[in-house]
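Enquirer:
Protein chains in written order, with the working numbering: chain A, 1 to 1030; chain B, 1 to 305.
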């Protein structure tokens, strides 16, 4: 644990420090991990390429900044360095994975049992005392059971690994590269160090690249550093630290706009991101709660099995059995007591749910994560893409002195605003014309909001908005021929373009402008209201300010729009507009209106958040966005509920300084990354405790780890969503890491336990529901599976102590465990929830165990006991009706089992040969088997519910369960009556009435359990409830 | 697990005896009492139900006739002396090597002594020639105990032990006593035709007799077995029918099964001889799985030294 803790520490620090020191920290982490690696690592980390001149670079990598490398050299380098791709984290070798499946706690017990069987068989064989091959069969069956369940588990694991692998190969990335002076497109994984590549807006940077030339190149480094602001890149070296300097672009970041060429300086795992990814894979995975539960439970079972076995071994030795015989007893007790089918049942139940989840866009990598999701008490969710649509969308417009709401739903199903006003036409025209964004071609079939656009986020939003409201924008722009334009830049903070008018007779030019609202307003002298140009007086300015503030406080990005029709005399056709000189009016314009944009929440999210709330799950938003936007979205989706206030809100409302507000009054809290950096972990814990509604804004992905750890310190089971590479430590640290299928990086997907294919928060809630259901149903399945261990065990105990002929053989037990009872126990996974599970609190992992005392005691000592009595009743019936009255059976064992005694007398004086007795014994096995089957049918019916009456739940609602019962009966009949069974599997065709002997006991089980449930329902909290509710 | 691992330490002691709550294994005295009482009642009821059902079951079962006999019939054919691994091996002139066999036969034949069959209330003389089944009424105690036929030990001739107390073992001519296992109410039927019966046994086929025939199991040993003598009622190697049916332990506690003695008079010395004896009858079957059903085989080894 100590070492693991150190590693986490490093990551925490990494998060807190500026990214500039990351390389140093990486070195430090390596030191903790492997000292001997230190030297090599240091050398690797030293990047000085950004400080070299272009000539030096060309020398170093024997390349050319104009022609690129030669193909032959590139091939050699590729040979040397390997492909340019992140190697998946070194997994455990396949054979180790398989071996692990064969070496669990129960499996080891079964191996021991098998070995004992082999030894017994060997000794019998050597002594030529061979009466049957049962021991050999049993050994083989046991081994088969272990191997088959092992294969099954391995297959499950293999399948889920494959799902992940399939993500990687989805889209082979292409890169534009110059080789031998030729520009060509090749697969990005063929790139080598020294290659000259070209990066355009929209591309993913294919490797670590030293920029040679750049035009307006901006890169989104968020996947690397978590900074959401795009950073511009250029050829000049601005910082000695390679991570800070402008002339290196990093692998896996995206180029947002502009164009650049550069020389590759690192590829594949040697890139910065590659190193971070490989470090993240070193962070140990937390064990899932269900794995802990099952381990805990298997340990107990294995312990009890050995305890029982050993006790009866000693008892048998004391009574005077041979050593070998006593060993066989030991083995038989182990076989009887160990629930062989349980692991298979659990795996199947979990994979059923996983399949169900996959249909709902949650791919579960680790089966056990399904249940973890159900016990989740805190979800730390990203904002962008998870809670929101990840699409800037026009949400509000201000014109005619009125705020209009636009339709922000994903499918345009919402209400639109009144478009009849003349002002809207003017505003729409400006929005449509003063816009450089265009749709990518060939998307006519796709609904407008989903189309891909070339251009930045706000222009995209405006383009889609105008396309939706005005119609075909490209056509529209064609009608207003563009004469010239001034693109947006950070000094002007506006963008303008000049167009001819649609009407060929109208020779005026139209100037349209958009930009930061206050800058636009400065340039206006009139404002358009209801189609009329009114002078822009103080009253209108105030109205503008109010609207601007209102929209801003919603966390929206606001743009102002204005236009002017230029006088045809001053600016006749052919006038030479000079964008540098600005020889045209840029003030005295007519203000048209404001348009505000936001990345709107997904339609399903508010409901989902509400569901979480009723389910007792806290949703914490962790985002890199601006606090105001974050808070607005949080309020919008219900993470900050209506009426909740932050400390700041209260301060404003009461008009008192922030310091005087009682922190306890504030339900909500918005903490930004800067504040978080200065908080100690205790302060963070306090904040998380004090405010039920939390939003973290401006956080780096590394800070997520701190938040996760804090939540876990408070005892929560934490689900975390993430997509960036730097999220991977947090994803691993979380009890359940959820990666985004669309936006997520491979590293995040590797680290996660679950992948959301649609990146939608609502899918998580579906997952939670399924997780809770499967926990309940697993409980039922396990209770069902455990029950029959008692009627399997008691025959042996009675056999050893009272010396009756053996009522139930080992092979028959294996048939119950692995054939007839598997399907019914799996069918319980299809059971509907008893109550609205989404209205309960998440389970407390320390108190609400999967297998608790009440469950085990009730299954073992009550239902199991009734089943044992049923079995023995049927056994004594079969014996008595064939001539062996119950009292004669007691103490009969040694005569009965003597293979050389062919004339053992029954109660009527009839003489039985050994084989006749053996077949009678098989009849008993079968009868006992049938009794357990009949009781198990009753058992599966009562396990449908834990609290409700089965009548309330509906007998036949679970079709799978009904099918399972029918299947169980058919299989039981097949085993009994198929010819040849007696000599292969010790099943005998039994008389029909022996099927009905256990039926009253089955009814007893059902009635008793109904009484139990009635008591539990009627008297909650009573002694009855405490002792008998599991 | 990174969290909560330290909290369980020291918890065990507290679990066994919590002095604060005065709880043993997590339960206080009154809690233990309640749960004990609960299980007492629970198991009391269960045991009551169990005993009740077993009693009800026993009511449906007759003490005089088993409900079903499908597992025990057709009967097994068994022999005395009992053998381990169906092997009879002894050395000529070495009394120690066959003493156990003689004792075994002695013990078995003791119940056939004449003085045990004198009670006229229990036994009737069924003549000394085979005749048909003797029905003795219902299988219940309405007529009290049933009589059984006497069986004269002398019918076993040289193997009766009356003349040769070593049953031929001392002279290298070992005897074998063969009986058909008792099955209540079972009436063996003599073979209707002779086709299935080996030629050598044809002369023993008579009405009212279930013939027995022994032969070498392997072809090549046929000549090495030599003469086989059969002794039984009327000098025939077979089971006479008047001893059937058997009325069970309660009604015929003194019942004596008819016996057949088989003597091998000229066994080849010093080799293993596998001999199979079979009883022949319409309702006597043989099974691959049960080597004692209607037949048995035995391995002889007579050592000269």
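Even glycine gets a Cβ: it sits at the ideal position worked out from N, Cα and C. For clarity, every value in this text was computed on a predicted model and none was experimentally measured.
In this structure, does DSSP put residue 59(A) in helix, strand or coil?
Expert: On the first chain, residue 59(A) is found 59 positions in, with the first residue counted as 1. DSSP places residue 59(A) in helix when its eight states are reduced to three.
Enquirer: Is it the case that the Cβ atoms of residue 990(A) and residue 926(A) are separated by a distance below 7 angstroms?
Expert: Here residue 990(A) corresponds to residue number 990 of the first chain, with the count starting at 1. Here residue 926(A) corresponds to residue number 926 of the first chain, with the count starting at 1. In this structure, residue 926(A) lies closer than 7 angstroms to residue 990(A) by Cβ.
Enquirer: Say whether chain A places a C-beta atom closer than 7 angstroms to the C-beta of residue 298(B).
Expert: Start at 1 with the first residue of the second chain, and residue 298(B) comes out as number 298. No, residue 298(B) lies away from the interface with chain A (no Cβ there is under 7 angstroms from its Cβ).
Enquirer: In three-state terms, what does DSSP make of residue 549(A)?
Expert: Translated into the one-based positions of the first chain, residue 549(A) becomes position 549. Looking at residue 549(A) - three-state DSSP - the assignment turns out to be helix.
Enquirer: Can you name the residues of chain B whose CB is closer than 7 angstroms to the CB of residue 707(A)?
Expert: The residue given as residue 707(A) occupies position 707 in the first chain. Correct list: empty, because the minimum Cβ distance to chain B is about 16 angstroms.
Enquirer: Pairing CB atoms from the stretch 275-284 of chain B with CB atoms from the stretch 895-902 of chain A, are three or more of them under 8 angstroms?
Expert: The stretch 275-284 of chain B is not in contact with the stretch 895-902 of chain A.
Enquirer: DSSP on residue 1039(A), reduced to helix/strand/coil?
Expert: The requested residue 1039(A) does not occur in the structure, where chain A is confined to residues 1 to 1030.
Enquirer: Relative to the C-alpha of residue 752(A), which residue among 737(A), 324(A), 777(A) and 343(A) is closest?
Expert: Position 752 of the first chain, counted from the first residue, corresponds to residue 752(A). Taking only the C-alpha atoms, the option nearest residue 752(A) is 737(A).
Enquirer: Do we get a CB-CB distance below 7 angstroms when we pair residue 284(B) with the residues of chain A?
Expert: To locate residue 284(B), count along the second chain from 1; it is residue 284. For residue 284(B), the answer is no, since every Cβ of chain A falls outside 7 angstroms of its Cβ.
Enquirer: Measuring straight from C-alpha to C-alpha, what distance separates residue 693(A) and residue 686(A)?
Expert: Within the first chain, numbered from 1, the residue matching residue 693(A) stands at position 693. Within the first chain, numbered from 1, the residue matching residue 686(A) stands at position 686. Going by the C-alpha atoms only, they are around 13 angstroms apart.
Enquirer: Below 8 angstroms, can you find three or more Cβ-Cβ pairs linking the stretch 350-367 of chain A to the stretch 807-819 of chain A?
Expert: The stretch 350-367 of chain A, when compared against the stretch 807-819 of chain A, does not touch it at the 8 angstroms Cβ threshold.
Enquirer: Is the beta carbon of residue 86(A) sitting closer than 7 angstroms to the one on residue 309(A)?
Expert: Locating residue 86(A) in the first chain gives position 86, where the first residue counts as 1. Locating residue 309(A) in the first chain gives position 309, where the first residue counts as 1. Result no, Cβ atoms of residue 86(A) and residue 309(A) do not sit closer than 7 angstroms.
Enquirer: Do you know whose CA, among 149(A), 119(A), 69(A) and 74(A), lies nearest residue 100(A)'s CA?
Expert: As a first step, residue 100(A) is located in the first chain; it is residue number 100 there, counting from the start. Answer by Cα proximity: 149(A).
Enquirer: What are the residues of the stretch 64-76 of chain B that lie near chain A, defined by any Cβ-Cβ distance shorter than 9 angstroms?
Expert: Those would be 64, 65, 66, 67, 68, 69, 70, 71, 72, 73, 75 and 76, in chain order.
Enquirer: Return the CA-CA distance between residue 814(A) and residue 340(A), expressed in angstroms with no decimal places.
Expert: In the first chain, counting from the first residue as 1, residue 814(A) sits at position 814. In the first chain, counting from the first residue as 1, residue 340(A) sits at position 340. Roughly 8 angstroms between the two C-alpha positions.
Enquirer: At a threshold of 6 angstroms, does residue 335(A) count as lining the ligand ZN (C-beta to nearest heavy atom)?
Expert: No copy of the ligand ZN occurs in the structure displayed, which carries no ligand at all.
Enquirer: Anything in chain B within Cβ reach of residue 497(A), meaning under 8 angstroms, just list it in chain order.
Expert: Position 497 of the first chain holds residue 497(A). Neighbours of residue 497(A) on chain B: none; closest Cβ ~59 angstroms, over 8 angstroms.
Enquirer: Can you give me, in chain order, the residues of the stretch 879-894 of chain A that have a beta carbon less than 8 angstroms from any beta carbon in chain B?
Expert: Going along the stretch 879-894 of chain A in chain order, one finds 880, 881, 882, 883, 885 and 886 with a Cβ nearer than 8 angstroms to chain B.
Enquirer: Taking the beta strand (DSSP E) that residue 509(A) belongs to, which residues open and close that run?
Expert: For the purposes of this step, residue 509(A) is taken as residue 509 along the first chain, with counting starting at 1. 509-515 is the extent of the beta strand (DSSP E) around residue 509(A).
Enquirer: List the residues of chain B whose Cβ lies closer than 9 angstroms to the Cβ of residue 915(A), in chain order.
Expert: Mapped onto the first chain, residue 915(A) falls at position 915. What residue 915(A) touches in chain B: 76, 287, 289, 290, 291, 292 and 293.
Enquirer: When the cut-off is 7 angstroms and only beta carbons count, does residue 909(A) lie next to chain B?
Expert: For the purposes of this step, residue 909(A) is taken as residue 909 along the first chain, with counting starting at 1. Answer yes: the Cβ-Cβ gap between residue 909(A) and chain B drops below 7 angstroms somewhere.
Enquirer: For residue 494(A), which of 689(A), 466(A) and 559(A) has the nearest alpha-carbon?
Expert: Position 494 of the first chain, counted from the first residue, corresponds to residue 494(A). Taking only the C-alpha atoms, the option nearest residue 494(A) is 559(A).
Enquirer: Report the neighbours of residue 983(A) on chain B: residues whose CB is nearer than 8 angstroms to its CB, in chain order.
Expert: Here residue 983(A) refers to the residue found at position 983 of the first chain. Neighbours of residue 983(A) on chain B, chain order: 289.
Enquirer: Output the distance between the C-alpha atoms of residue 66(B) and residue 886(A), rounded to the nearest integer angstrom.
Expert: Locating residue 66(B) in the second chain gives position 66, counting from the first residue. Locating residue 886(A) in the first chain gives position 886, counting from the first residue. The straight-line gap from Cα to Cα measures roughly 13 angstroms.
Enquirer: For residue 758(A), which of 770(A), 772(A), 774(A) and 723(A) has the nearest alpha-carbon?
Expert: As a position in the first chain, residue 758(A) is number 758, starting the count at 1. Minimum Cα distance to residue 758(A) is reached at 723(A).
Enquirer: Which residues in the same chain have their Cβ closer than 6 angstroms to the Cβ of residue 780(A), if we skip the five residues on either side of it in sequence?
Expert: Numbered from 1 along the first chain, position 780 holds the residue referred to as residue 780(A). Only 828 and 943 meet the Cβ criterion.
Enquirer: Identify, in the order they occur along the chain, each residue of the same chain with its Cβ nearer than 8 angstroms to the Cβ of residue 167(A), setting aside the five sequence neighbours on each side.
Expert: Residue 167(A) sits at position 167 when you count from the first residue of the first chain. Because residue 167(A) sits at a pLDDT of 46, beneath the cut-off of 50, its placement in the model cannot be relied upon, and the following sentence gives the value as read from the coordinates. Closer than 8 angstroms at Cβ, skipping near neighbours: 741, 746, 749 and 755.
Enquirer: When you compare only the Cα positions, how much space is there between residue 980(A) and residue 104(B)?
Expert: If you number the first chain from 1, residue 980(A) lands on position 980. If you number the second chain from 1, residue 104(B) lands on position 104. Going by the C-alpha atoms only, they are around 38 angstroms apart.
Enquirer: Is it buried or exposed, residue 418(A), if we count other Cβ atoms within 10 angstroms and call 16 or more buried?
Expert: By one-based count along the first chain, residue 418(A) stands at place 418. With fewer than 16 other Cβ atoms within 10 Å, it is exposed.
Enquirer: Within the same chain, show all residues whose beta-carbon is closer than 6 angstroms to that of residue 169(A), passing over the 5 residues directly before and after it, in chain order.
Expert: Taking the first residue of the first chain as 1, we reach residue 169(A) at position 169. With a pLDDT of 46 at residue 169(A), under the threshold of 50, the predicted position of this residue should be treated as unreliable, and no value is reported.
Enquirer: Use the C-beta contact count for residue 132(B): other C-beta atoms within 10 angstroms, 16 or more gives buried, fewer gives exposed.
Expert: By one-based count along the second chain, residue 132(B) stands at place 132. Exposed, by the Cβ-count rule.
Enquirer: For residue 29(A), which three-state DSSP category applies?
Expert: For this step, residue 29(A) is matched to residue 29 along the first chain. With a pLDDT of 42 at residue 29(A), under the threshold of 50, the modelled position of that residue is not reliable, and no figure is offered here.
Enquirer: Assign residue 1022(A) to one of two classes, buried (16 or more other C-beta atoms within 10 Å of its C-beta) or exposed (fewer than that).
Expert: Start at 1 with the first residue of the first chain, and residue 1022(A) comes out as number 1022. The residue in question, residue 1022(A), is exposed, as its Cβ has fewer than 16 Cβ neighbours within 10 Å.
Enquirer: What are the uninterrupted segments assigned as beta strand (DSSP E) that are 3 or more residues long and contained completely in the stretch 194-236 of chain B, given in chain order?
Expert: Runs of the beta strand (DSSP E) inside the stretch 194-236 of chain B: 209-216 and 228-231.
Enquirer: Quick one: does residue 182(B) have its CB under 7 angstroms from some CB of chain A?
Expert: The sequence position of residue 182(B) within the second chain is 182, counting from 1. Yes, residue 182(B) lies at the interface with chain A (some Cβ there is under 7 angstroms from its Cβ).
Enquirer: Taking Cβ-Cβ distances shorter than 9 angstroms, what residues in chain B pair up with residue 900(A)?
Expert: Here residue 900(A) is taken as the residue at index 900 of the first chain, counted from 1. By Cβ distance, chain B contributes 82, 83, 84, 85 and 86.
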